[in-house]
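If you want this note's numbering, it's the 1-based position in the sequence shown plus 27.
For glycine and all other residues, C-beta sits at the position ideal for the given N, C-alpha and C.
Nothing here was measured: the structure is a model prediction, and the numbers come from that model.
Step one of this worksheet: look at the structure below.
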Amino acid sequence: MPPSLRPGDHVAIVCTARKVSHEEVAAAVDILQGWGLKVVLGESVSAEHHQFGGSDELRTRDFQRMLDAPEIRAILCARGGYGTTRIIDAIDFSRFAASPKWIAGFSDITVLNCHLLKLGHESIHGVMPFIFHQSGGEEALESLRRALFGESVAYEVAAHPLNQLGTAEGELFGGNLSLLQTITGTASDCSYAGRILFLEDIEEYLYSIDRMMVHLERTGKLRQLAGLIVGHFTNPQDNAVPFGQTPYEIIDTYARKYNFPVAYGFPVGHEPHNLALICGRRTRLTVSQAGTKVEYL
């Protein structure tokens, strides 16, 4: 695993996807400095190429520089949107492999989380600098700090009527459902076997959620799982003729075919209460009548 951060460490903020300005990450810089960290802004911050944080070449160069710089102990992706899949195959992780560091983000950054797991490295699925200051996100931000600094954490969540009871142990991974489908069959597609998957998404059409779940089932990925955690499916869309199920009901249609534990209502995804999860960390998922517990082993 990457070494835990300590006060005085340098951390970088870069854009691998959608553009941000210096002003939009100013609050995050203040917060990180309040944690005792020294912040380095990449050239992709305030760069602009259409909706991206600079051209593919610029974003690749910026991320590579921070990845290779020995003084940078963590890289925080400024925001999601779209664009990380355009540059992932151009990134050289050989120096990183010799001296890993934390890389954190979510949404479009799911591709990075999975790519790193495929290479055998842990990363953090957590809140990004663009929204560090959002109202209601205080616990999410604190969970990110604890993950970065190596402090112990366990999460407990209230029971949900669709939960499937049981206990599972395995490496935790996942993220945005749309991105997980996008990377299927690519160099970033990691094994689902014996792992605990977590899912979230935003503004997806209900039929599309169903289609992606069908895809996970048909590829055999679902049946390989040790457990499943279902997070926020924010602002789902529907057609003029209603699909007839909620996102959770859609997922339940497929998850109930298997005997692994399933936890619904976990606070991860595109809402302020977005708890940091360490991808690649061996985890115990306990789903009981009393609720859900997620703890690292």
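inquiry  = Given a cut-off of 9 Å on the beta-carbon distance, is the pair Glu196 and Leu94 in contact?
reply    = no
ask   = How about the stretch 106-125 and the stretch 135-142: do they share at least three Cβ pairs that are nearer than 8 Å?
value = yes
request  = Determine, using beta-carbon pairs with one atom in the stretch 298-306 and one in the stretch 158-166, whether at least three such pairs fall under 8 Å.
outcome  = With the cut-off at 8 Å, the stretch 298-306 and the stretch 158-166 touch.
ask   = Of the choices Val268, Val47 and Ile118, whose alpha-carbon is the least far from that of Cys104?
value = Val47
message = To the nearest angstrom, how far is the alpha carbon of Phe200 from that of Ala267?
response = So the two alpha carbons sit approximately 35 Å from each other.
task = From the DSSP output, in three-state form, read off Ile118 for me.
result = coil
task = Output the boundary residues of the beta strand (DSSP E) element that contains Glu322.
result = That run of the beta strand (DSSP E) goes Gly318 to Tyr323.
inquiry  = Please list the terminal residues of the continuous alpha helix (DSSP H) segment that includes Ala53.
reply    = Ala53 to Gly61
task = Go ahead and pull the three-state DSSP assignment for Gln91.
result = Helix.
message = Out of Asn190, Arg222 and Tyr219, which one is the CA nearest neighbour of Glu276?
response = Asn190
query = Going by DSSP, what residues sit across from Asp228 in a beta bridge?
reply = Phe260
request  = Look up Ser150 in the DSSP assignment and say whether it is helix, strand or coil.
outcome  = strand
message = Closer than 8 Å to a non-hydrogen atom of the ligand HEM - does that hold for the CB of Glu70?
response = Among the components of this structure there are no ligands whatsoever, and the ligand HEM is therefore not found.
query = To which residues does DSSP link Thr310 through a beta bridge?
reply = Gly197 and Tyr323
inquiry  = Given this structure, state the Cα-to-Cα distance separating Phe90 from His37, to the nearest angstrom.
reply    = Their Cα atoms are separated by approximately 15 Å.
query = Since Pro294 contacts Ile236 with CB under 8 Å, what's their CB separation in whole angstroms?
reply = Between Pro294 and Ile236, the beta carbon gap of about 19 Å keeps them out of contact (Cβ cut-off 8 Å).
message = Out of Phe120, Cys141, Leu59 and Phe260, which one is the CA nearest neighbour of Gly307?
response = Cys141
ask   = Between which two residues does the alpha helix (DSSP H) containing Val241 stretch?
value = Counting along the chain, Val241 sits inside the alpha helix (DSSP H) bounded by residues Leu233 to Arg245.
message = Measuring only the C-alpha atoms, how far is Glu244 from His49?
response = In this structure, the CA atom of Glu244 is about 43 Å from the CA atom of His49.
request  = Using three-state DSSP, classify Phe133 as helix, strand or coil.
outcome  = In the three-state scheme derived from DSSP, where H, G and I count as helix and E and B as strand, Phe133 is classed as coil.
task = Check whether the Cβ atoms of Ile229 and Asn262 sit closer than 9 Å, and answer yes or no.
result = yes
key: 6 Å CB neighbourhood of Arg122 in its chain, flanking five on each side removed   = Asp95
message = Would Val184 and Gly271 be called neighbours here (beta carbons separated by less than 9 Å)?
response = no
message = Suppose you measure from the CA of Ser31 to the CA of Ser179; what does that come to, to the nearest Å?
response = Cα-Cα distance, rounded: 12 Å.
Simplified DSSP state of Val138, which is helix, strand or coil = helix
ask   = So what's Leu302 in DSSP terms, helix, strand or just coil?
value = Coil.
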